[in-house]
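Notes for the one structure printed next.
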DNA sequence: ACAAAAGTGTTCGCTATACACCCATGA
DNA sequence: TCATGGGTGTATAGCGAACACTTTTGT
């Protein structure tokens, strides 16, 4: 099974820690033996060339699984970056050739975004960097552009698909949900209006459970019910 | 300059003739000398492999220009089709190899959709088929799937971008605009409510001109003003 | 008692929807 | 004069936005 040197996938993996939105980055100098202390960080998105007989979605899932051990994760293609100038930085091309041991001229990359629950402990700790999605440093290739486009896509899809719940723990408070919306949309929301609108969403169920040991009125926990969501959504689509 | 045998672009080119939404197809048996009369139609979307040093957007524009002579046309990437099984039909693979004279294993294709004004006379008449977008016959490769996804994308973007005017003549009637919306959205709209809502769109200007020689009350012509649209849209985006 | 976040209602303007008739023209 | 599509207004329900205070807990 041979890697195709012309087509790759790159994953923008988002996570949410109740305070800010993070993106998973890899330091490609981390494994180097030389200059361990002094080597500058060289951050990039996780990605891979695609195998000759591999579906591109499978390739994106493979990258995600190899890195985090997770499967059946929300993962969606959002844009192709196909400029021949993508590899113009010398160090990027050099790194790619040394990694793959292939001669590489140009790579068209298909960008995916993925949403994972950051509070779960993953087997990739230490090997990866969760960086705040705002104020990213310069990344390899055109990866800054890819993250920006991914964030924009996330923002546009927030109102069409139940993606917020992919980023939150199974039980969450309204405050957490609102904070997540505020970060992704990039604006503050009115707490009363927010509660009012989600109280109409039948796919959000309140649990009996409340927060414990917090120095304020404890918040109610809620959960997302996928079955109800799908049922409602189906009705909505068919009545049009 | 060499074609890259792994990456292609395919274009779903939509047109609107005031009655139905059409898609541009090519009969790849049309040029064959043998069986001129009896050869079955073998329809496909226009597309091309990408040159080694060519940007993918440039490649899509090239396909469009070569076919229609048109430049600066609305053209947008919407999905990548990357299953290794895309070329599973024997006749598809054979045709591709004979066309390109290259050995081809798998091709990842980036699908674009494009909107053109069908009432303009194009240099491709006779060479292409404008087929109603509904009830398409079986197309080559996975091109049926590509058209369906393109149509879905068009539907979703209709409310976010001024794409309807790319399909209409420069001056158009409200009825034409409504008909286009109805076809793309797949449902009937109330004429009074439709007129009411677009009368609020400041980027649609009524012209002095009316229809002539029609056997009913002549309709007012309108035009789309891109400058006003951009101004409004900019204000909308910044005030969020 | 205080700090800190949870939770709760009302008003107003806008928008979506439903619905029926007269008008201008060519044939 | 008839057939054809153009063009018009009103009433209602629901939604989004603005806005301030009380409640519950831990310290």
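Protein chains in written order, with the numbering used here: chain A, 1 to 240; chain B, 241 to 480. Using N, Cα and C, we set each Cβ at its ideal position, and we do this for glycine too. Note that this is a predicted model, so its numbers are computed, not measured.
Identification of chain B residues near residue 54/A by a Cβ-Cβ cut-off of 8 Å yields 324, ordered along the chain. Using a 10 angstroms sphere on the CB of residue 382/B, the tally of other CB atoms reaches 16 or more, which defines it as buried. In this structure, DSSP gives residue 10/A an extended state, which the three-state scheme calls strand. The bridge partners DSSP lists for residue 349/B are 248/B and 321/B. Around the beta-carbon of residue 446/B, fewer than 16 other beta-carbon atoms lie within 10 Å, marking it exposed.
For the C-beta of residue 247/B, the chain A residues within less than 8 Å are, from N- to C-terminus, 6, 7, 82 and 108. When only Cα atoms are considered, residue 67/A and residue 96/A end up about 18 Å apart. In the DSSP assignment, residue 214/A falls outside any alpha helix (DSSP H) and carries neither an H nor an E.
Of all residues in the stretch 334-348 of chain B, only 345, 346 and 348 place a beta-carbon less than 8 Å from a beta-carbon of chain A.
CA-to-CA, the gap between residue 400/B and residue 3/A works out to about 39 Å. In chain order, 5, 6, 7, 8, 49, 86, 87 and 96 place their CB closer than 8 Å to the CB of residue 107/A, counting only its own chain and leaving out the 5 sequence neighbours on each side. Contact check for residue 295/B against residue 283/B fails: the beta carbons are separated by 8 Å or more.
Within the DSSP secondary-structure output, residue 287/B pairs in a beta bridge with 250/B.
Nearest to residue 112/A by C-alpha distance, out of 45/A, 22/A and 18/A, is 45/A.
Residue 180/A: member of the alpha helix (DSSP H) spanning 174-185, first to last residue.
Annotation: residue 456/B to residue 408/B spans about 22 Å, alpha carbon to alpha carbon. Residue 354/B is a Cβ neighbour of residue 253/B, given a cutoff of 8 Å.
At a C-beta separation below 9 Å, residue 418/B has no neighbours in chain A, since its nearest C-beta there lies roughly 17 Å away. Residue nearest to residue 310/B within the set 358/B, 341/B and 324/B is 358/B (criterion: CA-CA distance). Between residue 393/B and residue 464/B, the gap from beta carbon to beta carbon reaches 8 Å or more. Among the residues of chain A, those whose CB is under 8 Å from the CB of residue 317/B are 79 and 80, following chain order. Look at residue 371/B here: in three-state DSSP terms it is strand. DSSP places residue 67/A in the uninterrupted alpha helix (DSSP H) bounded by 56-68. Within the same chain, Cβ atoms closer than 7 Å to the Cβ of residue 180/A are found at 16, 164, 167 and 168, the five residues on either side in sequence being excluded. CA-to-CA, the gap between residue 433/B and residue 475/B works out to about 25 Å.
With fewer than 16 other Cβ atoms from the protein chains shown falling within 10 Å of its own Cβ, residue 156/A counts as exposed.
Here residue 24/A really is in contact with residue 128/A; their C-beta atoms are around 5 Å apart, less than 8 Å. For residue 443/B against residue 469/B, the beta-carbon gap comes to about 4 Å, under 8 Å, which counts as contact.
Looking at the DSSP output, residue 316/B bridges to 353/B. Residue environment: residue 250/B is assigned as buried (16 or more neighbouring CB atoms within 10 Å of its CB, all protein chains considered). Secondary structure note for residue 464/B: its beta strand (DSSP E) is the uninterrupted segment 460-464. Residue environment analysis places residue 262/B among the buried positions, since at least 16 neighbouring C-beta atoms fall within 10 angstroms of its C-beta.
For residue 21/A, the beta-bridge partners assigned by DSSP are 16/A. According to the DSSP assignment, residue 395/B belongs to the alpha helix (DSSP H) that extends over 383-397. In its chain, beyond the 5 residues on either side, 447, 449, 461, 462 and 463 have a beta carbon closer than 8 Å to the beta carbon of residue 411/B.
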